Structure formats: C-alpha cells, structure tokens
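Colleague:
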Amino acid sequence: MQEDTLFIRQAQKGDVRAFEALMARHEKKIYGLCLRMLGNREDALDCAQDAMLRIWRSIAAYRMDASFTTWCFRIATNACLDLLRKQKIRTSVSLDMLTDLGRIPAAETGDPHAQAIAADTSRALGHGIASLPADLRSAVVLRDIQGFSYEEVADILGIPLGTVKSRINRGREKLRGILFQDAELFSLPRVQMDERRIDA
Amino acid sequence: MNCTEFMTLLPMYPDNMPDEETRSAFLLHAAECPEDAARLAEQEALLASLKAMDEDMEVPAAFTEGWRAALAAEKKPVRPASRLRGWAIAAAAVLTVTLGTSLMRQGALFPGMTAKQPETPAPMAFEEDALPAAGGGSYAPEIFEEDTLPQMSLSAMWDMADWEVEEAAEAGAKIAKPSMVIRSTSLSVRSAQYDADLAQLESTLALYGGQIAYQSEETAPATADEAAPGRMANLRARVSDADLDALLSATASIGKVTYNETSLEDVTDSYYDAQTQLAQYAAQQERLEALRAQADTLSDQIELEAQYGEVLRAIETLQGQLSLWQAQAESATVSITLLETAPEALPEQPPLAQRLAEAFTHSLRNARSFAGDALVFLVMIAPYALCVAVVVLLGYSIVEIVKKRKKKENEK
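From first to last, the protein sequence lines stand for chains A and B. Take 713 as the starting number for the first sequence in my numbering and just add one per residue. Take 351 as the starting number for the second sequence in my numbering and just add one per residue.
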C-alpha cells in the first residue's frame, strides 16, 4: 500500500507517529501470535511489546524488497521463539485465556451446556496448541490461526516451503490427536477409540 | 483409496492436498465411509475453530500503551537506513588491499617482500685500454718528447736519412721517427632525401678541406631490400688526416650510415727503408759523377754512363714512391656511396582486434600478478587484522555487557 510505504519511509527517518500509525494495523495480529505461541497473557504482553520495539529498532534496515507484514511477523516470531528458548516452558493454559479466545463454535447458542462445551473447547484448543513443539506450533499458528499463506509462512520462518507443509501436517495431526480424545469438544459423534490414532 | 490412506491425507486437507485427483479420491472415500466422513468433519471443525480463535480478540490496552510508552522512552532515534554503508565498507576494503599491495610491490611496505625482478646482467665492462680507439684503430704516433725536439717541420723530419738521424743523435737531439700510416675510410649512406644529402656531403667535404678526386652518379642495382632502387652517387675525396675524424663525425648525421670501414696501412718501415736506399743511391751518384770526370777510355765512359743512368732511374723511382707515401699519409682517402631510398613507411598498426587481444592479455597478466601480490599482502596483514579484530570484539562485548546491566538496573 502506498500509505504504508509513506509511513515506512517516515518511520525510517525516526518519525515515531508514523511508526505508530503503521503498526496500528498489525498490533492485534502480533499480540495474537505471541499469545498463541506463549500460551499465557503475561508472557504474550512482554513478548509482543519486545517485538514492537525490535521492529522499531530494525525498521531503518528494512528494504522494500519483502512484504512489510511478513518482515514484522518474522521479527515477532523470533521474539516468541527467543523467549520460549529462554524459559524452556511448555505453557499451560491459564483461566485468562478464556477471555481472549474470541468466538468459539457453539458458544453463541446461549445454551449453557453449549457454552460450557465451548469454553472447554477453547481451553482444549489453547492447551493443544501450547502442547505442540515450538517448530510445529509456529507453523500451525501462522497458517491456521493468523491465516498466512504457505509461502508467507516459509518467508516468516525462514524455512523451505516443503518444510512448512510438513510441519503444518504434523502439527495438525498432533493437535487432532490431543483434541479428539474427547469427542464432545467439537460436538461430533463419537468414533471408536481403537480406530483413532492418538499422537499426543 | 483405503482408510489408512485417508488418514494419512487428512492433515493435508483442504489446502495441502497433493493434487486434484487425490482430493477427489479423498472426498469420494469420505462419502463412502461413514467413519472417515466423521473424521473429516472433525478436521473441518478444528480448522474452523482455529481460524476463528482471534477474530474477536481484543488487544489489551496495556499492550498498546506499553509499546508506545516504550517507544517514547527509546533514547536514541532510529538512524536512517544507509544503503551505501555496505558499499562503502566494501570500497574501503578494496582500497586498503589495493593500496597495501601497491606499497608492498614498491617496497614501501614490508621491505624484503618486493617481487624480485630478474637480475639484469650488468653490462660487460670493457677496459678501454684494451679496445682500439674509435675511428678505425690507427696506431698511436710515437711519443715525442717535446722539450728535446728541434723545431722542424714534418717534411723536414721525413726527409732525413738514417745517417743524418745518427748525426743528429750524436749531437744530442732526441728525435723519434713519425709513423707513416695511410688511412682510408669507406662509407655507405642511405638517404630518403638524396639531393639534399648529396649537397650536404659535398659542402661538408669542402668545409674540412676535402678535395673530391672522383665523383659519379648512376642508378643503383636492384636488391632484395630495394626492388625499385633510386640513384647512387660515388664520391672519393682526400682529406687531411688530421681532419678525417671530424669529417666522419659531421657526415654521421647525413642520411643513414649503413656501412663504415676504415683501413690503415702502415708504411713506416717501407718509407724509411726507401729513404735509406735513396741516400745510398745519392752517394753512389756522387761517386759515379767523380768517376765520369776521371774516365780516360771510351769504354769506361760508356760503362759509367750506363751505371749512372740506372742510379738516376732508381733515385727517381724512390723519390716518387716517397712522395706518394708522404702525400697519402698526410691526406686520408674517403670513399662515400650515397644510395637513394624510398621514404620509410610508417609501421602499420596491427588490426584493432589484435591490439585489443594484446592489451587484454597484457592486462590479464598484470591482473594475475597483482592478485597474487594482493593475496600475499592479505596473508601478511592477517596477524595484525586478527589482533585488531580481537581487540574490537572485546571492546564490543564489554560495551554490550555494560548496556545490558544498565538496562536491567533501569527495569528494576
């Protein structure tokens, strides 16, 4: 976008307001990325803030040859992975996550039972994502939650396209195995346990 | 497609299927297998849930305020991108290597590592005394002790007979016999401006008192070098022996001398032998004149007349020879052949392609040599560069550690 280009050039010269206007469109997704990657609100806040500062400090070196969005998310993803490496945590889902989960299937029916299931589903989703190894988690979050294309995911993570596809497949398979231990989570008919592949 | 294959493809559905054919077979199997159809529905529900996770997520105000506040707290402004920085660093590195290599090749840097040039052999030293003197190698005249020589002309000295020399020696005068050397020089000169050079030769000869004894002009014969020769002039002149060297120097600049020969004929011994004989014949002549005056008989007179005649003829012959040698020794003979040639054509320039190829080859050779020297230079400065790099790295690490400590203290 031409407006983004103008903001970028001004930000590169040190214009803070231009940077704020530029990042206003991306801060939600960056926060969402950090939240899904780290699994708790506190770490997500710290990491997202750190990511924004890293983007500000690095914007002078940004060359217009790559998408600004993928460039920002590369920095944000690296910030998440750096924090995960430092902490070496497999996050557990906190109750706070329930307020950030957004729309959940079957949560809008008004049925208390459905709402309870929806809450459980949200919790299970967050737990399932947080249970994935960092490399599979980042690929699944960027593709299935953030909505980036396979090529953009490859660009953000700095890995080949084939590796991206492989990680997403494995991540989805693991996630499926974790989540579908309980068939009621997604309000689906139960399938025989012995016919499922559980890869949790 | 069987259920195992279906389960393998399930994580790839819907956006990572290998191809449309596989997708069609996958969906067809789901339509036929109720259990796999349920699994497919679960997968679709899962993906839909993941996609919807952040749709209504609200960004915490703490986050928005936090990063803006942190931005404002940044002390140093973001420096504008310097796209030329990388090029500047590369240019500086190239300049350093080029300058260092050039200084090293000249010996200003790392003396002793200059590329050793092949030693050109020193020119052979000629002992001047061993070489004949320039000008044809004429014999040096006998050394005259000027203080003891009487003041006599050369002719007077040459006319002295041996007995007179002995008498003079008894009188105490030290006289050395001068050499009698006949010099002859032959020159061949090529000229592109025949008429002008011929006139200059004639005037130069006249300037040095030369008398042209013989001059001719003809068409030069064809040679391998000259298919269409021009005119050829032959001159023979007599020049004072003392002026010969000066004359040869003056004519060296006329045309192009292609042949130069000087011959020397030493007739000193012959000359003085002839002088001695002449003296003897002169004495004999006096005796015969005295005898003729005293002859009584006709037969004696006739015999004496015959002997007298022979002596006179011998005297004349010897006098003639002596005069000839004397004249030849006093004057040298110069023979000059002037050959007309076509003006020398300018050397043809080689074709452009050849010149370009030669220039490229020459440059490539020089570049290869320079690259080798540059590599030597880099190897030689490597220890210094390593020391500098270690120092810089240490300094940078210390600065970073101090920064991190300050940041932690600020956060506390």
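C-beta atoms are modelled at their ideal positions from N, C-alpha and C, and glycine is treated no differently. These numbers were taken from a predicted model, which means no experiment stands behind them.
(1) List, in chain order, every chain A residue whose beta-carbon is nearer than 9 Å to that of Val444(B).
(2) Let me check one thing: in DSSP terms, what residues is Gln561(B) bridge-paired to?
(3) Residues of the stretch 381 to 402 of chain B in Cβ contact with chain A at a cutoff of 8 Å, in chain order, please.
(4) Name the residue from Ala587(B), Leu548(B), Leu551(B) whose alpha carbon lies nearest to the alpha carbon of Ile562(B).
(5) Counting along the chain, where does the beta strand (DSSP E) carrying Leu688(B) start and finish?
(6) What residues from chain B crowd round Trp783(A), counting only those whose CB sits closer than 7 Å?
(7) Return the CA-CA distance between Arg721(A) and Gly436(B), expressed in angstroms with no decimal places.
(8) Which residues in chain A have a C-beta closer than 8 Å to the C-beta of Val409(B)? List them in chain order.
(9) Going by the CB atoms, is the gap between Asp758(A) and Ala791(A) shorter than 7 Å?
(10) For chain B, is any of its Cβ atoms less than 7 Å away from the one on Ala760(A)?
(11) I think Pro361(B) touches Asn881(A), with their Cβ atoms under 8 Å apart; what is that distance to the nearest whole Å?
(12) Taking the C-alpha atoms as reference points, what is the distance between Cys784(A) and Asp723(B)?
(13) Look at Ala624(B) and Leu668(B) and say whether their C-beta atoms are less than 7 Å apart.
(14) Rounded to the nearest angstrom, what separates Gly450(B) and Arg755(B) at their Cα positions?
(15) Here's a check: name, in chain order, each residue in its chain whose Cβ is nearer than 7 Å to the Cβ of Phe460(B), leaving out the five neighbours to either side.
(16) Applying a beta-carbon distance threshold of less than 7 Å, which residues of chain B neighbour Glu885(A)?
(17) Determine the chain B residues that contact Arg888(A) at a beta-carbon separation under 9 Å, and present them in chain order.
(18) Please list the terminal residues of the continuous beta strand (DSSP E) segment that includes Ser319(B).
(19) State the DSSP-derived secondary structure class of Ala549(B), mapped to helix, strand or coil.
(20) Grab the span of the alpha helix (DSSP H) containing Thr358(B) for me, first residue to last.
(21) To which residues of the same chain is Arg642(B) closer than 8 Å at the C-beta, ignoring the five residues directly before and after it?
(22) Are three or more beta carbon pairs between the stretch 847 to 859 of chain A and the stretch 765 to 783 of chain A nearer than 8 Å?
(23) Count Cβ pairs between the stretch 367 to 377 of chain B and the stretch 403 to 411 of chain B that sit closer than 8 Å; are there 3 or more?
(24) When DSSP labels each residue in this structure, what does Leu555(B) get in the three-state scheme?
(25) What residue from Lys725(A), Arg729(A), Leu796(A) has the CA that sits closest to Ala773(A)'s CA?
(26) For the stretch 824 to 844 of chain A against the stretch 859 to 877 of chain A, are there 3 or more C-beta pairs whose distance is under 8 Å?
(27) Does any residue of chain A bring its CB to less than 7 Å from the CB of Leu434(B)?
(28) Residue range of the beta strand (DSSP E) that Glu611(B) falls in?
(29) Of all the residues that make up the stretch 361 to 378 of chain B, which are near chain A by a beta-carbon distance shorter than 7 Å?
(30) Residues of chain A with CB under 7 Å from Arg418(B), in chain order?
(31) Keeping to the same chain, check which residues put their C-beta closer than 8 Å to that of Ile868(A); ignore five residues upstream and five downstream.
(32) Under 7 Å, Cβ to Cβ, is there at least one residue of chain B near Lys877(A)?
(33) Identify, in the order they occur along the chain, each residue of the same chain with its Cβ nearer than 8 Å to the Cβ of Met776(A), setting aside the five sequence neighbours on each side.
(34) Would you call the stretch 540 to 551 of chain B and the stretch 588 to 604 of chain B touching, i.e. three or more CB-CB distances under 8 Å?
(35) Is the Cβ-Cβ distance between Val684(B) and Thr535(B) less than 7 Å?
(36) Determine, using beta carbons only, whether Asn790(A) comes closer than 7 Å to chain B.
Modeller: Looking at the atomic coordinates:
(1) None at all; the shortest Cβ gap to chain A is about 23 Å.
(2) Paired residues: Arg588(B).
(3) Against chain A - using a Cβ distance shorter than 8 Å - the residues of the stretch 381 to 402 of chain B are Glu385, Ala388, Arg389, Ala391, Glu392, Gln393, Ala395, Leu396, Leu397, Ala398, Ser399, Leu400, Lys401, Ala402.
(4) Nearest of Ala587(B), Leu548(B), Leu551(B) to Ile562(B), Cα basis: Ala587(B).
(5) Residues 681 to 690.
(6) Within 7 Å Cβ-Cβ: nothing; Trp783(A) doesn't reach chain B, min ~13 Å.
(7) Their Cα atoms are separated by approximately 20 Å.
(8) For Val409(B), the chain A residues whose C-beta falls within less than 8 Å of its own C-beta are Glu739, Lys740, Tyr743, listed in chain order.
(9) Cβ atoms of Ala791(A) and Asp758(A): not closer than 7 Å.
(10) Yes, contact with chain B.
(11) About 4 Å separates the beta carbon of Pro361(B) from that of Asn881(A), a gap short enough to meet the 8 Å contact definition.
(12) When rounded, the distance between both Cα atoms is 46 Å.
(13) Taking 7 Å as the Cβ cut-off, Ala624(B) and Leu668(B) qualify as a contacting pair.
(14) CA-to-CA, the gap between Gly450(B) and Arg755(B) works out to about 41 Å.
(15) Apart from sequence neighbours up to five positions away, the residues of its chain that approach Phe460(B) with a beta-carbon distance below 7 Å are Met454, Met730, ordered along the chain.
(16) What Glu885(A) touches in chain B: Pro361.
(17) Correct list: Leu360, Pro361, Arg389, Glu392, Gln393, Leu396.
(18) Shown here, chain B extends from 351 to 762; a query on residue 319(B) therefore has no answer.
(19) Correct three-state label for Ala549(B): helix.
(20) DSSP places Thr358(B) in the uninterrupted alpha helix (DSSP H) bounded by 353 to 359.
(21) For Arg642(B), where only same-chain residues beyond five positions count, the Cβ hits under 8 Å are Gln651, Leu654, Glu655, Tyr658.
(22) Cβ pair count under 8 Å is below three, so no.
(23) In short, these stretches do not touch, since the Cβ pair count stays below three.
(24) Of the three classes helix, strand and coil, the one that applies to Leu555(B) here is helix, per DSSP.
(25) Here the closest residue by C-alpha is Lys725(A).
(26) Result no; under three Cβ-Cβ pairs closer than 8 Å.
(27) Not closer than 7 Å to any Cβ of chain A, the Cβ of Leu434(B) fails to qualify, so no.
(28) In the DSSP assignment, Glu611(B) falls within the unbroken beta strand (DSSP E) covering 606 to 616.
(29) Of all residues in the stretch 361 to 378 of chain B, Pro361, Met362, Asn366 have a Cβ within less than 7 Å of some Cβ in chain A.
(30) Under a criterion of Cβ atoms nearer than 7 Å, the residues of chain A adjacent to Arg418(B) are, in order, Glu732.
(31) Counting only Cβ-Cβ distances below 8 Å, and skipping sequence neighbours, we find Thr782, Phe785, Arg786, Thr789, Leu854, Phe860.
(32) At least one chain B Cβ lies under 7 Å of Lys877(A).
(33) Contacts found: Thr717, Ile720.
(34) Yes: the two stretches touch, three or more of their Cβ pairs being nearer than 8 Å.
(35) Contact annotation: Val684(B) and Thr535(B) have beta-carbon atoms nearer than 7 Å.
(36) No, its Cβ sits nowhere closer than 7 Å to a Cβ of chain B.
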